[in-house]
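Colleague: If you read the sequence shown in full-length UniProt numbering, its first letter stands for residue 1, the second for the next number, and so on. Glycine included, each C-beta is placed from N, C-alpha and C at the ideal position.
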Amino acid sequence: MFPQVFAVITYNTWIAVLVLIVNSVSTLTLCFSDQIIIMGSLALGNYFEIFNERMKTHKGKKLTPDQWKTLRVDYTRLCNLARLLNDCLCHLLCVSLLIHVYIICVEMHQGVV
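Take a look at the structure:
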């Protein structure tokens with residue numbers, strides 16, 4: 001159990017419990033951040049699909065200026081939402097990617113050693 005920790009310090013039951021708690025909290029945090037990224041991306045994609053279906057219902061029809069204005073305003077709001085989501089999630093996505101790459105490297109190193 002956590003040989004990389006106890007290679008540096010001597011084994012103590014309380015330290016092992018602390019390392020186990022830190023490892024569990026880290027794992028839950030990583031899973032939670034991945035879920036936030038996934039749910040935000042799926043929600044945004046769903047909004048664009050709904051808007052696309054609305055556009056398909058108007059295909060080939062002559063629209064009034066008010067209808068065009070409504071569609072343009074909705075599209076602008078969707079683009080602003082996408083920009084806001086990008087600003088919120090881009091750093092979280094980069095950190096998540098780096099953590100996953102680190103975990104893969106550690107697993108490969110432990111498999112070789």
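Who are the near neighbours of R77 in its chain, counting only those whose CB is closer than 6 Å to its CB and skipping five residues on each side?
Modeller: Taking the sequence shown and counting its residues from 1, one reaches residue 77 at position 77. Once the five neighbours on either side are set aside, R77 has no close Cβ partner at all.
Colleague: Cβ of I37 within 8 Å of Cβ of L84?
Modeller: Numbered from its first residue, the sequence shown carries residue 37 at position 37. Numbered from its first residue, the sequence shown carries residue 84 at position 84. Going by C-beta atoms, I37 is not nearer than 8 Å to L84.
Colleague: Throw me the rounded Cβ distance for the V19 and V5 pair, which I believe falls under 8 Å.
Modeller: For the purposes of this step, residue 19 is taken as residue 19 along the sequence shown, with counting starting at 1. For the purposes of this step, residue 5 is taken as residue 5 along the sequence shown, with counting starting at 1. Indeed they touch by this definition, with Cβ atoms about 5 Å apart.
Colleague: If we call anything under 8 Å between Cβ atoms a contact, is L30 one with I99?
Modeller: Position 30 of the sequence shown, counted from the first residue, corresponds to residue 30. Position 99 of the sequence shown, counted from the first residue, corresponds to residue 99. Result yes, Cβ atoms of L30 and I99 sit closer than 8 Å.
Colleague: Under 8 Å between the Cβ atoms of D74 and F51?
Modeller: Position 74 of the sequence shown, counted from the start, is the residue given in the question as residue 74. Position 51 of the sequence shown, counted from the start, is the residue given in the question as residue 51. Yes.
Colleague: Sorted by chain position, which residues of the same chain lie with C-beta nearer than 8 Å to H58's C-beta, five sequence neighbours on each side aside?
Modeller: Taking the first residue of the sequence shown as position 1, residue 58 is located at position 58. Within the same chain, H58 has close Cβ partners Q67 and L71.
Colleague: Could you tell me the distance, in whole angstroms, from the CA atom of L44 to the CA atom of T13?
Modeller: The residue labelled residue 44 in the question sits at position 44 within the sequence shown. The residue labelled residue 13 in the question sits at position 13 within the sequence shown. Inter-residue distance for L44 and T13 is about 47 Å (C-alpha atoms, whole angstroms).
Colleague: Could you tell me whether the Cβ atoms of I9 and I15 are closer together than 8 Å?
Modeller: Translated into positions along the sequence shown, residue 9 becomes position 9. Translated into positions along the sequence shown, residue 15 becomes position 15. Yes.
Colleague: Could you give the distance in angstroms between the alpha-carbon of H109 and the alpha-carbon of Y102?
Modeller: Residue numbering aside, residue 109 sits at position 109 when the sequence shown is read from its first letter. Residue numbering aside, residue 102 sits at position 102 when the sequence shown is read from its first letter. Whole-angstrom Cα-Cα distance: 10 Å.
Colleague: Any idea what DSSP makes of V8, helix, strand or coil?
Modeller: To locate residue 8, count along the sequence shown from 1; it is residue 8. V8 falls in the coil class under three-state DSSP.
Colleague: Would you kindly report the start and end of the unbroken alpha helix (DSSP H) that includes L44?
Modeller: Mapped onto the sequence shown, residue 44 falls at position 44. L44 -> alpha helix (DSSP H) spans T13 to T57.
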